[in-house]
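Engineer: Chains as they are written, first to last, in the numbering used here: chain A, 1127 to 1507; chain B, 1127 to 1507; chain C, 1127 to 1507.
Just so you know, even glycine gets a beta-carbon here, dropped at the ideal spot from N, CA and C.
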Amino acid sequence: MNQHAQPRSGSPLLDHSPETLPAAWYYDPEHFALEMKRIWARQWVNVGRVKDLAPMVLKRIEVAGESLILVKDADGGINCFHNVCRHRGSELCRQAETKLKSRLITCPYHAWSYDLSGRLVRTPFVSDTDDFDKAEHGLFKVNVKLWNGLIFVCLSGNPPDFAKAPDLGSHALDNWPMDDLVTGHVFVKDMACNWKIFWENYNECLHCPGIHPELSEMVPIYSKGYMAANEAPGWTPEDHEQGTVLKAGARTWSMDGTACGPEFPNLSPHERERGQTFVTFYPTGYVVAHVDYVRVVTLRPVGPERTELRAEWLFPEQTLKSPGFDLGKVTDFATMVMLQDGAACEMNQRGLKSSAYSGGRLMPQEFDVHGFQNWVRRQLA
Amino acid sequence: MNQHAQPRSGSPLLDHSPETLPAAWYYDPEHFALEMKRIWARQWVNVGRVKDLAPMVLKRIEVAGESLILVKDADGGINCFHNVCRHRGSELCRQAETKLKSRLITCPYHAWSYDLSGRLVRTPFVSDTDDFDKAEHGLFKVNVKLWNGLIFVCLSGNPPDFAKAPDLGSHALDNWPMDDLVTGHVFVKDMACNWKIFWENYNECLHCPGIHPELSEMVPIYSKGYMAANEAPGWTPEDHEQGTVLKAGARTWSMDGTACGPEFPNLSPHERERGQTFVTFYPTGYVVAHVDYVRVVTLRPVGPERTELRAEWLFPEQTLKSPGFDLGKVTDFATMVMLQDGAACEMNQRGLKSSAYSGGRLMPQEFDVHGFQNWVRRQLA
Amino acid sequence: MNQHAQPRSGSPLLDHSPETLPAAWYYDPEHFALEMKRIWARQWVNVGRVKDLAPMVLKRIEVAGESLILVKDADGGINCFHNVCRHRGSELCRQAETKLKSRLITCPYHAWSYDLSGRLVRTPFVSDTDDFDKAEHGLFKVNVKLWNGLIFVCLSGNPPDFAKAPDLGSHALDNWPMDDLVTGHVFVKDMACNWKIFWENYNECLHCPGIHPELSEMVPIYSKGYMAANEAPGWTPEDHEQGTVLKAGARTWSMDGTACGPEFPNLSPHERERGQTFVTFYPTGYVVAHVDYVRVVTLRPVGPERTELRAEWLFPEQTLKSPGFDLGKVTDFATMVMLQDGAACEMNQRGLKSSAYSGGRLMPQEFDVHGFQNWVRRQLA
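1. How is B/N1356 classed by DSSP in three states: helix, strand or coil?
2. Helix, strand or coil: which one does DSSP assign to A/C1280?
3. Apart from the five residues on each side of it in sequence, which residues of its chain come closer than 7 Å, Cβ to Cβ, to A/C1386?
4. Where B/R1504 and B/H1496 are concerned, what is the direct C-alpha to C-alpha distance, given to the nearest angstrom?
5. Roughly how many angstroms separate the alpha carbons of A/H1130 and A/N1329, rounded to a whole number?
6. What residues of chain B sit near C/N1209, judged by a beta carbon separation below 7 Å?
7. May I ask you to list, following chain order, the residues of the region 1256–1267 of chain A that have a beta carbon less than 8 Å from some beta carbon of chain C?
8. Let me know the beta strand (DSSP E) ranges lying completely inside the region 1195–1259 of chain A, each 3 residues or longer, listed in chain order.
9. Would B/V1279 pass as a contact of B/C1206 if the rule is Cβ separation under 7 Å?
10. If we define contact as Cβ-Cβ less than 7 Å, is B/P1490 a contact residue for chain C?
11. On the three-state DSSP scale, how would you describe C/M1381?
12. Sorted by chain position, which residues of the same chain lie with C-beta nearer than 7 Å to C/F1288's C-beta, five sequence neighbours on each side aside?
13. Evaluate the contact criterion for the region 1429–1440 of chain B versus the region 1306–1323 of chain B: three or more CB pairs, one atom per stretch, below 8 Å.
14. Do you know how far the Cα of C/P1391 is from the Cα of C/L1440?
15. Find the residues of chain C that neighbour B/M1182, judging by a C-beta separation of less than 8 Å, and give them in chain order.
16. What is the rounded straight-line gap between the Cα of B/R1229 and the Cα of B/A1222?
17. Can at least three beta-carbon pairs, one atom from the region 1134–1145 of chain C and one from the region 1300–1315 of chain C, be found at a separation below 8 Å?
18. Within the 7 Å Cβ cut-off, does C/A1159 reach chain B?
19. For the candidate residues B/H1396, B/V1189, B/S1216, B/T1362, whose alpha-carbon lies nearest to that of B/L1372?
20. Counting only beta-carbon separations shorter than 7 Å, does C/V1252 have a partner in chain B?
21. Hey, would you say C/P1430 sits closer than 7 Å to C/F1158, going by beta carbons?
22. Please state whether DSSP places B/N1128 in a helix, a strand or coil.
23. Return no unless some Cβ of chain B is closer than 7 Å to the Cβ of A/Y1419.
24. Mapping the DSSP letters down to three states, classify C/H1157 as helix, strand or coil.
25. Considering only their Cβ atoms, is the gap separating C/Q1466 from C/I1337 smaller than 7 Å?
26. Could you check which residue in A/V1502, A/Y1348, A/T1309 has the C-alpha nearest to that of A/R1175?
27. Is the beta carbon of C/P1250 sitting closer than 7 Å to the one on C/A1237?
28. Name the chain C residues that come within less than 8 Å of B/S1143, Cβ to Cβ?
29. Ignore the nearest five residues each way along the sequence and tell me which others in B/N1269's own chain have a CB closer than 7 Å to its CB.
30. In whole angstroms, what is the alpha-carbon distance linking C/P1359 and C/R1421?
31. Can you tell me where the alpha helix (DSSP H) holding A/T1445 begins and where it ends?
32. For B/G1174, which residues in chain A fall below 7 Å Cβ to Cβ?
33. Span of the beta strand (DSSP E) holding B/E1188?
34. Is it the case that the Cβ atoms of A/Y1152 and A/N1327 are separated by a distance below 7 Å?
35. Can you give me the Cβ contacts of B/N1128 inside the same chain, cut-off strictly under 7 Å, excluding the 5 residues immediately before and after it?
36. Please confirm if A/M1464 has its CB atom under 7 Å from at least one CB of chain B.
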């Protein structure tokens, strides 16, 4: 469900009931291919953390069905290339990771070698010809941007302005030491649903009372089907500070609501009081920052009806090393919520394949679902 | 094989050798989709027995690839709906069966509730808008008919006249207490063949001597490759009573030919003498009624080259409860015959995918295969 | 890798760097279907050895996705038919092999019987009609040719001139007793690559130093990236006898280079000295003949990205029966080389699916890859 909306001035509720996206957009293979091309291959996609990328190692990743390699040189510069040699098309990196023996990326087939900026520098055993110019046969490069310790790549040669991409210009995480956190736990789930189903579930809380009893207790406003206080009838901007907050006594998302270690020192009183800060970046994922740890969730569409969800829990290094640190107390809570949402997404996916159902209607409370669907429509237009 | 044809006046044999259906109709995915639409989504399809449907339970079924729900209200009225909520398209029934807690069908996602006639009655946590009218957002309804204790549904909004559909107007089972029988055994087989291959096999007995040695002994006429006596050279209508009958001493289809319990009291002398009464309803299945029990066979096309066969053996309740009742003696016989036919259907399916074979020829004895193929042609025209 | 090129007069090196085939030709299902039709269904395809075909047995084989049957009559004549009955399209041979009970091929469904030349001779239980003529309903015949003990079939009704097909007119194996050899070992590998990837790998040795360290030691010239001596700078025809030869002391491809039994008596001094003689027949396979044994390699495309490789090691019968004969010493060597090539082919296949890669460039040393690619282009034109 969507916990990311913060109270805004004025009611966000829709004054009408718009139509949903057409049902076929959630399972038609041709439409999926179009979304891969128009959305996933054009937008900035999170492919991991800077800290988890060792220098002088090729790391194989996949974006929009494309096999890519990430490499960090000795100076910390990060490059990304398509995982293919310009000769006869062999892949360059055969495993999840390959340690480099030199400052060269060497194709395992015929040993063509490229420097870490992608220039072709060696073609062993091969004679020269007038019509072949090494300078024209460098690796196919992919754009890279770093933000809050995360690596984003964009397959398009003409990427959107990073700071204007959905929420990537946000300063909401400025008070968290994002670059320095250490990954303490990873949860991966293969969901039998289209990637958009995930975002629609994320963008409303009408389902919270029925699907998330424990979360609705942890965040009391969710038990009313609201994402934020400004959805309540009669809400006024003066009520601002009574926004979305954890229940009395709870500091963070954990099984008992207590923090798992020291709180981050630079948070504002409001960030501390609220207990959860969401930043969302379509289409690829979101971050939720708590007073004691941060969770990063990333999607990877595998097919029209399959999406891989990956969640990483990030901690200060000292927290992980503290005697008595209880990892499960922290990770079990969000894992439970994600499993509940995953099951809901899968039943939504199965249902909308009915030939009788060509599309549905959104309710006033589904204003952020509507916003997401309009964002999708714009990308495809 | 086809045991359903009863002797008719005059020879049924064809006087020529017509062409079969084109081979591609048995494996081409586009043609399969067309048959789903033009045949399976337009005809009455058997989806189970009234007696096996508990009241106040949602039962999930599948017809022509569509997920549907059946529900019997407290008064015994049966309704069928597409298994999809009108809101964002979630499925309504996630398991094979869901017990209702009230006289409402409640969507598990956002708790929209419908009454048992399909009307939308509750949309919790949701504000009203002028452009959304609950009355226009009831469940998608599917037509239902009951016949001889069986439930038939038709996806089409304009279903064919039930009594004129293939054999559904038949009175052949009037002397059996169809409504009251109890299911004693179920056999399900996933066959690697197109659904039409099954019917063609069912509609001739040229294969009986080679494929069914035991059945050909049980029904002597089958050992000559006939389905019925009127196929014999020189047969005249006066020979009528020497129609298809079990071998001397046999009363029913069972391993030793003896009945498994009391015979049904209201059968005619001819029904008793014949020992088997077939009623066929294209495209969905057939019933064969014996003096002591009834078998219902139902097809479900799963793909161009996959068909699920389901056989149910129905008995008087007292037979099942009789001391010494031997279920296996009854069920083993037809199971053996169905496994023999299934293997034949699968080898037929594999063979006709040869690119050299575009179609074959029917022999005079294959008049019912020809009739079935013409029925298919008419539905697709 | 390609070991088949023998030194020719003049340098074979290309004087330019031609483009490769389009990348999509290696994975697009429609292009694969086109190649099946234009290449595999039109060319002569090796389907086994005459010696391995028992008389009076139906042997089921598959060519270009078609199920076929091979049968050798009592006089040794070999016929090949599509594995389908002319009646309703059942397959004739359900297992890998079926022993005949008479000189008839009998369909297991309705017992239609054909003689071993394919003529329809019996249709049991069936009445005659004027419009059905048995003579017009014989089995669908497939062309057969025998060569060096191998059976070749061609699905086309208009097969290419056998002796002019790639290398099938070659006399290179005349000094080996091909008909009499006995199969001592079979190795089958399912490769996740397009069939053309295999041939491209076979047709160059630039990859030998990196991929095949053991083979490059066995055949010293391979360690320089050459397939044959005439690729060396400054090579002249006078150097002819210093062609591709095994390392000093080695007689054959085996783990220690020694022969596994008596050498074939009729080889020329050059055939003996060279230690390896390759004959290649596109698209289906190649033979490599050594002084002591022969290896036959056959491809079968299973899908756009799957190819089955089958290797058979053939020996004089007396070699197999010799005390102390060490089969593994012989078979391990080529098995190792084929596994190395298989892994290279699979990484090539994975890489060229990158959307960034539409095709690459061939180097001067890849003249035989270029020749193969032009052969493919001609077949498709």
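Structural biologist: Once the coordinates are examined:
1. helix
2. strand
3. S1380, D1418, Y1419, T1445, F1451, D1452, K1455, V1456
4. 12 Å
5. Because the pLDDT at A/H1130 is just 45, under 50, the model does not fix this residue reliably, and the value given afterwards should be weighed accordingly. Cα to Cα, the separation comes out at about 8 Å.
6. G1477, S1480
7. D1256, D1257, F1258, H1263, F1266
8. 1204–1208, 1223–1225, 1230–1232, 1239–1241, 1246–1248
9. yes
10. yes
11. coil
12. W1170, K1271, L1294
13. yes
14. 16 Å
15. Within chain C, no residue comes near B/M1182; the closest Cβ sits about 48 Å away, beyond 8 Å.
16. 19 Å
17. no
18. no
19. B/H1396
20. yes
21. yes
22. In this prediction, B/N1128 has a pLDDT of 42, which is less than 50 and means its spatial position is unreliable; what the coordinates show is noted afterwards. Looking at B/N1128 - three-state DSSP - the assignment turns out to be coil, as it is neither helix nor strand.
23. no
24. helix
25. yes
26. A/T1309
27. yes
28. T1255, D1257, F1258
29. V1279, C1280, P1285
30. 32 Å
31. 1443–1447
32. The premise fails here: B/G1174 is roughly 20 Å from chain A at the closest Cβ pair, so nothing lies under 7 Å.
33. 1183–1189
34. no
35. Any reading at B/N1128 needs caution, since the residue's pLDDT is 42, under 50, leaving its predicted position unreliable; the model's value is listed next. Contacts found: Y1328, N1329, E1330, C1331, M1353, D1494.
36. no
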